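In my numbering, the protein residues as written are 3 to 321.
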C-alpha cells in the first residue's frame, strides 16, 4: 500500500498536479464538514417544525418550544463545537418551565369539560302504555212506537138486506194504502186514523151514492173521503153499465192503539207503494182537508176549515 501511495505521489509531482490534488482534498474536507454541521442543524430545524401532536408528552409535563437561536447541549463541555449558544446544565430546569408547569397543573382540562357539557343526556326510555279500550255500550233498541190498528168489514149487500145485517168480508189489521175490496177492483183506499184514533178515513175512488152515518170530506157535495167512527157504517151504491145497482157496505169494527217496532213500521211503509201509485194515477193522492202527521198513520185536519166541512158533510148524508 505504501509503495502504491509513493508511486502515486511521484507521478503527481512529475506531472505537476500536486497543487490541484491538495485543492481537491481541501474541498472534500470542507464538504464533509458542511455535511456534518449543516445536516445536524437542518435535522434540528425539521424536528422543531413538526407539530406537537407528533410527539405526545406525558400528562402534566409542559413542553418548551425549541429556540433556533439558543443551542442546548446535554454535556458540560463541547460548547466550542456548537455554532451558537452556551453550555447547559442538564440538572437545571429550562427557563420558563416552572411557570408553565405550575400553570398547567392548576388549569383544569377545558376540552373534557366542554365535551361532557355539550353531550346530550339520553332520555330514559318509557315503557309503552297500552291503551285500554272501553267496550262500546250496546246500542239500545229503538222504543216501540204507538200505532193504530183498524179492523173493518166490507162487501156486497144483497138486495133487500137491512144495514148492519149482511155477511161481509173481514179485513183485520188494515195496512195503510190498502185498496178495498182489492187492488184489482179499488173502490176505497184506507188512509189512516184521525188524531186519538177517533175515526178511520178512506179515500173514495170513483163516483158513488152514499148512505149511512159516516161523514163526507170535505163536504157532502164534494165527497172525496169517508170518515167513520167505530161501529158506524157507510153504504156505497154503484150503477153498472147495464143499469143494475150494486150496493157495498163498509163498517169499522175496532180502532186500537198498539206498539210496533221500527222494523214493522218500515215494512208497512214499503207496502204502501201500490196504493200510492193507484191514488196518484187517479189524482186523489193529495187531500187538502187532511194531512199526515209526524206519527205514522195518523191524520190531522188541515186548518180550521176541516171541522165545519166535516160537520156539514155529516149533516148532508145521502139516504
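Built from N, CA and C at the ideal position, the CB exists for glycine as well. Keep in mind it's a predicted model, so treat the numbers as computed, not measured.
- In the three-state scheme derived from DSSP, where H, G and I count as helix and E and B as strand, residue 245 is classed as coil.
- A buried status is given to residue 202, since no fewer than 16 other beta-carbon atoms sit within 10 Å of its beta-carbon.
- The three-state secondary structure of residue 291, taken from DSSP, is coil.
- Fewer than three Cβ pairs drawn from the segment 267 to 279 and the segment 239 to 256 lie within less than 8 Å of each other, which leaves the two stretches out of contact.
- Annotation: the continuous alpha helix (DSSP H) that includes residue 277 extends over 275 to 284.
- Leaving aside the five residues that flank residue 263 on each side, the residues in its chain whose CB is nearer than 6 Å to its CB run, in chain order, 146.
- Among the bridge pairs identified by DSSP, residue 229 is matched with 203 and 217.
- Beta-bridge analysis with DSSP links residue 239 to 211 and 249.
- Our two residues, residue 151 and residue 199, have alpha carbons roughly 9 Å apart in a direct line.
- With distances taken between CA atoms, residue 297 lies nearest to 260 out of 164, 227, 260 and 12.
- Looking at 208, 21, 184 and 149, the one whose alpha-carbon comes closest to that of residue 240 is 208.
- Take residue 155, set aside five residues on each side of it, and the residues of its chain with a beta-carbon closer than 8 Å to its own are 170, 171, 172, 173, 251, 252, 253 and 255, in chain order.
- Residue 248 counts as exposed, since fewer than 16 other beta carbons sit within 10 angstroms of its beta carbon.
- Here residue 153 has 174, 255 and 256 as same chain residues with Cβ atoms under 6 Å from its own Cβ, once five neighbours each way along the sequence are excluded.
- With respect to the 8 Å criterion, residue 281 and residue 205 are classified as neighbours on the basis of their beta carbons.
- Taking the C-beta atoms as reference points, residue 193 is found no nearer than 8 Å to residue 168.
- In the three-state DSSP reduction, residue 262 falls in the strand class (E or B).
- Residue 193 has no beta-bridge partner at all, per DSSP.
- DSSP lists 262 as the beta-bridge partner residues of residue 147.
- In this structure, residue 217 sits away from residue 233, with a CB-CB distance that is not shorter than 8 Å.
- When the beta-carbon positions are compared, residue 214 and residue 236 come within less than 8 Å of each other.
- Taking 8 Å as the cut-off, the Cβ atoms of residue 292 and residue 219 count as close.
- The Cβ atoms of residue 195 and residue 299 lie closer than 8 Å to each other.
- Residue 181 counts as buried, since no fewer than 16 other beta carbons sit within 10 angstroms of its beta carbon.
- Distances from the CA of residue 188 to each of 160, 4 and 277 were compared; the closest alpha carbon is that of 277.
- Taking C-beta separations shorter than 8 Å and ignoring five residues to either side along the sequence, the partners of residue 242 in its chain run 248, following chain order.
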